[in-house]
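Q: Numbering (this note's numbering), first residue to last: 1 to 377. Glycine residues also receive a C-beta, built at the ideal position from the N, C-alpha and C atoms.
Structure, rendered in structure tokens:
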């Protein structure tokens, strides 16, 4: 059995790259020959709001990663498709997360499909983008109709997919848990690493900051007078993909300057454990969402979570079991945080997270892909 994954991977950074690499590693661990075909250029500079698209350090060991795809150069799409076809894969797995990538990914999938007998499965991180643009639907439709089957990482994504195709070969499999960020460390060690006081009550907002991720809701929630006596520290860890001025003004207006710690950078993999292990609870107060890799990182470190009731987040975080599902209102978020600290919920939620996370294995993802491929043949 030969599997080829098309999508971001080292030297590119981020959640989709992590997913591609973890999936490839899991295929190999299950005795399936696998490799990744990734980008030479992922986003043109003017379309990328972050500081850099690239990860620091060496890539994952033991994985074959070939850089061939320029997202805006059709010649490279054909070159990548020709390379893949020569490998004679039994299955082609293509990551999809935004319409901009649809022409490149759709062209590669179509060309490989016509030149080989392999089946094409799209891993749908999103179908409808969080930040919509003119032409999104046509682009997404082009990619969707290049695939034989689909794995959706949230039920809401599976529902969105139905707007584009009636193909019955589509299944929901939850985003597996990343195990690439190292083992848990003691909270005291993590706080020391981040130069936090041992007694600090600490909540974490982790990842790229964009409007849809709802940092504004969390800052407003922390400004609630009910929470002021708790003297909670909020760690914001990630790059701003928009103007941060409005957030800084909000923090100042809420008199939270002493309570908010901003680490404005992409957090390297080797540092991720310290941010999660130092935190009492991880908060994802999203305005919109499908699924999130941040949730699975929190599970990996047995961290309680607070998520808003949008997209697929509530499917993954059972309310009052591993954390809270609230409405996307500052008052509701504040009430949950107050309950968490007032009733000492951390130990209970953490123990439950350690149990709940057993549902989210990479082996389950590999088996689902293989089952779907079998169904397609």
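Just to confirm the assignment, what range does the alpha helix (DSSP H) spanning residue 161 have?
A: Note, residue 161: alpha helix (DSSP H), 155-161.
Q: By DSSP's criteria, residue 224 is part of a beta bridge. Which residues make up the other side?
A: DSSP lists no partner for residue 224.
Q: So is residue 339 buried or exposed if we call it buried at 16+ other beta carbons inside 10 Å?
A: The residue is exposed, with fewer than 16 neighbouring Cβ atoms inside 10 Å.
Q: Are the Cβ atoms of residue 224 and residue 64 separated by less than 8 angstroms?
A: No, the pair does not count as a contact, with Cβ atoms beyond the cut-off.
Q: Quick one: residues in its chain with C-beta nearer than 7 angstroms to the C-beta of residue 376, no 5 flanking neighbours on either side, listed in chain order?
A: 119, 148, 149 and 169, listed in sequence order.
Q: May I ask you to verify whether the stretch 70-86 touches the stretch 189-200, counting CB pairs closer than 8 angstroms and requiring at least 3?
A: Touching, no.
Q: On a Cα-Cα basis, can you pick out the residue from 133, 108 and 131 that is closest to residue 121?
A: Comparing Cα positions, the closest option is 108.
Q: Given a cut-off of 8 angstroms on the beta-carbon distance, is the pair residue 280 and residue 208 in contact?
A: No. Outside cutoff.
Q: Taking 8 angstroms as the cut-off, decide whether the C-beta atoms of residue 153 and residue 173 are in contact.
A: A contact, by the Cβ cut-off of 8 angstroms.
Q: Identify the residues that DSSP records as bridge partners of residue 34: which are they?
A: Answer by DSSP bridge pairing, in chain order: 3.
Q: Measuring only the C-alpha atoms, how far is residue 366 from residue 238?
A: Taking the straight line joining both Cα atoms gives about 30 angstroms.
Q: Which ranges does the alpha helix (DSSP H) cover as unbroken runs of at least 4 residues, wholly within the stretch 164-221, from first to last along the chain?
A: Taking only runs of at least 4 residues, the alpha helix (DSSP H) segments lying wholly in the stretch 164-221 are 187-193.
Q: With DSSP as the reference, label residue 293 as helix, strand or coil.
A: Of the three classes helix, strand and coil, the one that applies to residue 293 here is helix, per DSSP.
Q: In the structure shown, what three-state DSSP assignment does residue 14 receive?
A: Three-state result, residue 14: coil.
Q: Taking all protein chains shown into account, decide if residue 74 is buried (16 or more other Cβ within 10 angstroms of its Cβ) or exposed.
A: That one is exposed.
Q: Residue 206 and residue 294 look like a contact to me (Cβ under 8 angstroms); what is the Cβ gap, rounded to whole Å?
A: Yes, residue 206 and residue 294 are in contact; Cβ-Cβ is about 5 angstroms, under 8 angstroms.
Q: Smallest Cα separation from residue 250: which of 242, 215 and 229?
A: Of 242, 215 and 229, the residue nearest in Cα terms is 215.
Q: When DSSP labels each residue in this structure, what does residue 231 get in the three-state scheme?
A: Note: residue 231 maps to coil in three-state DSSP.
Q: State the Cα-Cα distance for the pair residue 112 and residue 67, rounded to the nearest angstrom.
A: Near 17 angstroms, if we compare the C-alpha coordinates of residue 67 and residue 112.
Q: Could you tell me the boundaries of the alpha helix (DSSP H) in which residue 87 lies?
A: It spans 74-87 - the alpha helix (DSSP H) in which residue 87 sits, taken as one unbroken run.
Q: Taking the alpha helix (DSSP H) that residue 341 belongs to, which residues open and close that run?
A: Note, residue 341: alpha helix (DSSP H), 330-342.
Q: Nearest to residue 59 by CA position, among 71, 22 and 29, is which residue?
A: The candidate whose alpha carbon is nearest that of residue 59 is 22.
Q: Specify, as a first and last residue, the run of the beta strand (DSSP E) that residue 152 falls within.
A: Where residue 152 is concerned, the enclosing beta strand (DSSP E) stretches over 149-152.
Q: Assuming residue 227 contacts residue 337 under a Cβ cut-off of 8 angstroms, what Cβ separation, rounded to an integer in Å, is found between them?
A: Their Cβ separation, rounded to whole angstroms, is 6 angstroms, which keeps residue 227 and residue 337 in contact under 8 angstroms.
Q: Looking only at C-alpha atoms, which of 290, 41 and 275 sits nearest to residue 131?
A: The residue with the shortest Cα to Cα distance from residue 131 is 290.
Q: From this set, 115, 370, 305 and 243, which residue's C-alpha is nearest residue 356's C-alpha?
A: Nearest of 115, 370, 305 and 243 to residue 356, Cα basis: 305.
Q: By a C-beta neighbour count over all protein chains shown, 10 Å radius and 16 as the cutoff for buried, is residue 151 buried or exposed?
A: By the 10 Å Cβ count, residue 151 comes out buried.
Q: For residue 310, does the three-state DSSP call read helix, strand or coil?
A: Coil, per DSSP.
Q: Strictly by DSSP, which residues pair up with residue 124?
A: The partner list for residue 124 (beta bridge, DSSP) reads 96 and 152.
Q: So, using beta-carbon positions, are residue 303 and residue 276 closer together than 8 angstroms?
A: Contact flag set, yes.
Q: Rounded to whole angstroms, how far is the Cβ of residue 269 from the Cβ of residue 180, which I believe are closer than 8 angstroms?
A: Indeed they touch by this definition, with Cβ atoms about 6 angstroms apart.
Q: Give a yes or no on whether the C-beta atoms belonging to residue 278 and residue 191 are separated by under 8 angstroms.
A: Yes.
Q: Could you give the first and the last residue of the continuous alpha helix (DSSP H) run that contains residue 274?
A: 269-277 is the extent of the alpha helix (DSSP H) around residue 274.
Q: Under 6 angstroms Cβ to Cβ from residue 39, same chain only, skipping five residues before and after it: list those, please.
A: Excluding positions up to five away in sequence, the list reads 69.
Q: Could you round the C-beta distance between residue 140 and residue 104 to whole angstroms and report it? I think they count as a contact, below 8 angstroms.
A: Contact flag wrong, Cβ pair sits at about 13 angstroms.
Q: Could you tell me the distance, in whole angstroms, from the CA atom of residue 176 to the CA atom of residue 24?
A: The straight-line gap from Cα to Cα measures roughly 13 angstroms.
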